[in-house]
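Residue numbers (our numbering): 154 to 604.
Structure record follows, encoded as C-alpha cells.
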Amino acid sequence: MSMTLRRLSRAATAGLVAAAALTAAAHSAEAADTLGSAAAGQGRYFGTAVAASHLGEADYTATLDREFSSVTPENEMKWDATEPSRATFTFTSADRIVDHAQSKGMDVRGHTLVWHSQLPSWVGSLGASDLSTAMKDHINGLMGHYKGEIHSWDVVNEAFQDGGSGARRSSPFQDKLGDGFIEEAFRTARAADPAAKLCYNDYNTDGVNAKSNAVYNMVKDFKSRGVPIDCVGFQSHFNSNSPVPSDYRQNLQRFADLGVDVQITELDIEGSGSAQAADYTKVVEACLAVDRCTGMTVWGVTDKYSWRSSGTPLLFDGNYQEKPAYGAVLAALGGSGDPGDPGDPGDPGDGTASCTATYTRTADWDSGYNGQVTITAGDEPISAWTVTVTLPAQQSVSSLWNGTPTWSGNVMTVKPSWNGTLAAGASTGFGFTAAKNGSDAAPTVGTCTAS
Ligand code: G2I
C-alpha cells in the first residue's frame, strides 16, 4: 500500500477515535480510582511509554488499559525504526501501538522526530543540504502518516550537552546545519500537522541549571521571533545521582511563564518503598501546582521492562502489583481508590494469582550443565503454575525433576509435578540437566503464569 493510502485510511478512522475518547472520559469521571481517571479529574493526562512487543502479554495490556490515558511509543517512532533507509518508511510497530491506544480511547505522544541517537548511519553520511532535506522529509513522513492522531510530538530531543556550558550537543544535525536545525525542524513540523503540539524534550533540565537555562533561552528566543513551539518536555529520569530537584516546580513554572505548556515526559525514579513513593509525590505535586503542566508520562508500565529495570523505578512491580509509589501518585492526583483495598485490581487481596520465575545454572561441565528454575508465588496463594523455558537450538534436555515438561521444538513448557500449591510469597522449583552440544548459552525463561 502506498504511504498516501495509509495516510488516508488512518485519517478516516479519526472520527471513531474521537468518539471512543469521549466514552472513556465519561467513564473515568465516575470513579477516579485509576491514574488516568484521577489525572483527568485534575485536567491532566497520565501516560506511559509502551513497547509494541509487550502488547500480547495479557497482564501488561490489562494494566495499561486500566490505568493510563496516554501512551508514548518507547522506541517504535524513532528514526531507526521508521526510516531505516532513506525514504523507506515502516510504521508497522508504531501503528500497532497507535491502533491499540485509539481503540481504548487513549491519546498518543509522538517520540521523537529529530534526535542524535537511534539514528541510522545513512543520515550521518549526508552532506549539509541533503541532510536538511532528509530531516524535513523525515518529519513530513511521520507527521503526515499520523496527521491528526498525535496530541504532542517531541520534535527535537536532547539537543543540548550535559554539564555547565549550556552548549549544543554534537550531532550530524548540529555539526552540519548549525543551531538553526532546531528552528527548521519546528517550522517543518507545524506545517506538517498544525493540530499537534510541538515540544522540545530533554533530560537533566528538570531543575534550574546551565542546561535548562540554555533550553529556556532558546524557547524565549523562539517565542519572541514567532518560531512555532508549544511545549517543553522534562524527561525526569531520577535516581540517587540525579534526585528530584528542590526547584523542580519553579523550573516548570518559569518555562510555563514563557507561554508554553510543560509536560513530564519520561518519569521514572529508582528506589522502592516509602522513599520512592515520597519522590513520586513531589513530582506529581509540582506538575499540579503549575497550570500549564498538562500531563505526566511514566517511562514504562512495569519494573521488569524498564530501561533501568535493576533500579525498579516504576509504579508497578514485575508482577504488575501496585507499589507504594502507585498509591502515592494516585493520592496526589486526588484519586479515590484505596491502594490497599482487597478487590482493587492489582492490590494484594484482589484474588489475582501470579508468580515469577528465575533461572540459575547450578552445575556446569564441558558437555553439559544443570539448570534450576525457582518459582515464587505473588501476593496470593496459587494452586498451579506454568513456565516456558526456551533452550538454544543445539542443546537438549536429558532429565527434568520436580516438574512436568511438554515440548515444542526447543521450547519446554513446565507445569508442577507435586508442587503446584504455594502460599503467597512461597517458592518451589524444578531442575534439569541439559547437553550443550556446542552451545554454552543460557536458556530463556518466559513469564510465569499461575492459577
Ligand atoms: O534512555 C532512556 C530514554 C532517554 N530519553 C529518550 C528516550 O527515547 C530514551 O528511551 C530509551 C528506551 O527506553 C530504551 O528502550 O532509549 C533507549 C535507546 O536510546 C532504548 O534502548 C534500546 C536499546 O538500546 C536497544 O539495544 C534496543 O534494541 O531499546 C531497543 C529496543 O528494545
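Just so you know, even glycine gets a beta-carbon here, dropped at the ideal spot from N, CA and C.
Only a predicted model underlies this, so the values are computations on that prediction, with no experimental measurement involved.
Return yes when at least one heavy atom of the ligand FMN lies under 7 Å from the C-beta of Q314, else no.
Summarising the ligand content, the structure contains the ligand G2I and does not contain the ligand FMN.
Terminal residues of the continuous beta strand (DSSP E) containing S580?
580-588
By Cβ distance, which residues of its chain are closer than 7 Å to F221, with the 5 residues on each side in sequence left out?
L188, G189, F199, G200, T201, M259
Among T541, N366, E423, which has the Cα closest to the Cα of G317?
N366
Is the CB-CB distance between V261 and H291 below 8 Å?
no
Whole angstroms are fine: how far does the CA of T600 sit from the CA of G573?
16 Å
Could you have a look at F199 and say whether DSSP puts it in helix, strand or coil?
strand
If you compare alpha carbons, which of T447, G562, Q547, I535 is closest to T581?
I535
Does DSSP put S592 in a helix, in a strand, or in coil?
coil
Do the stretch 333-351 and the stretch 385-395 touch if we need at least three Cβ pairs shorter than 8 Å?
no
Residue from A312, D252, G319, A342 whose Cα sits closest to the Cα of L605
Since the first residue shown for the chain is 154 and the last is 604, residue 605 is missing from the structure and cannot be characterised.
Contact between the stretch 227-245 and the stretch 267-285: three or more CB pairs below 8 Å?
yes
Consider the C-beta atom of Y356 and the heavy atoms of the ligand G2I; say whether any pair is separated by less than 7 Å.
yes
Apply the 10 Å Cβ neighbour rule to G487 and answer buried if 16 or more other Cβ atoms are within range, or exposed otherwise.
exposed
Using 10 angstroms around the beta-carbon of D283, count the other beta-carbons present and answer buried if the total reaches 16, otherwise exposed.
exposed
So, using beta-carbon positions, are A281 and S489 closer together than 8 Å?
no
For S427, which residues from the same chain have a beta carbon less than 8 Å from its beta carbon, with the 5 sequence-adjacent residues on both sides left out?
P477
Integer-rounded CB distance, given that A409 should sit under 8 Å from V443:
5 Å
In terms of residue numbering, what span does the beta strand (DSSP E) encompassing F387 cover?
384-387
For E571, three-class secondary structure by DSSP:
A small fix is needed here, since residue 571 is Trp in this sequence, not Glu. Looking at W571 - three-state DSSP - the assignment turns out to be coil, as it is neither helix nor strand.
By Cβ distance, which residues of its chain are closer than 8 Å to G531, with the 5 residues on each side in sequence left out?
N472, Q474, T505, A506, S507, C508, T509, A577, G578, A603
DSSP on N370, reduced to helix/strand/coil?
helix
Sequence-ordered residues whose beta carbon comes within less than 7 Å of a heavy atom of the ligand G2I
A202, A204, E227, N228, K231, H264, T265, S270, Q271, N310, E311, Y356, Q388, H390, E419, W452, W460
Would you mind listing the alpha helix (DSSP H) stretches within the stretch 392-479 that are 4+ residues and don't spill past its ends, in chain order?
401-409, 426-441
Rounded Cβ spacing between Y401 and K435 (contact assumed at less than 8 Å):
7 Å
Apart from the five residues on each side of it in sequence, which residues of its chain come closer than 8 Å, Cβ to Cβ, to K376?
I382, L411, G412, V413
Between Y369 and N354, what straight-line distance do the alpha-carbon atoms span, to the nearest angstrom?
12 Å
is_contact[Q474, chain D] using C-beta, thresh 8 Å:
Reference to chain D is not applicable here, since this structure consists of a single protein chain.
Endpoints, the alpha helix (DSSP H) within which W232 is located:
232-235
Measuring alpha carbon to alpha carbon, tell me which residue in V385, A287, A363 is nearest E337.
A287
Going by beta-carbon coordinates alone, are F339 and V385 separated by less than 8 Å?
no
Same chain, Cβ closer than 6 Å to T527, neighbours up to 5 away in sequence not counted:
T511, S580, G582
What separation, rounded to the nearest whole angstrom, lies between the Cα atoms of A178 and G263?
Residue placement at A178 is poorly supported in this model, since its pLDDT is 42, which falls under 50; the coordinates still yield a value, given next. Going by the C-alpha atoms only, they are around 21 Å apart.
For a test of the three-state rule: what should DSSP assign to R514, helix, strand or coil?
strand
If you drop the 5 nearest sequence neighbours on each side, which residues of the same chain put their C-beta closer than 6 Å to that of T341?
K289, I292
Buried or exposed by the 16-neighbour rule on C-beta atoms within 10 Å, applied to Q548
buried
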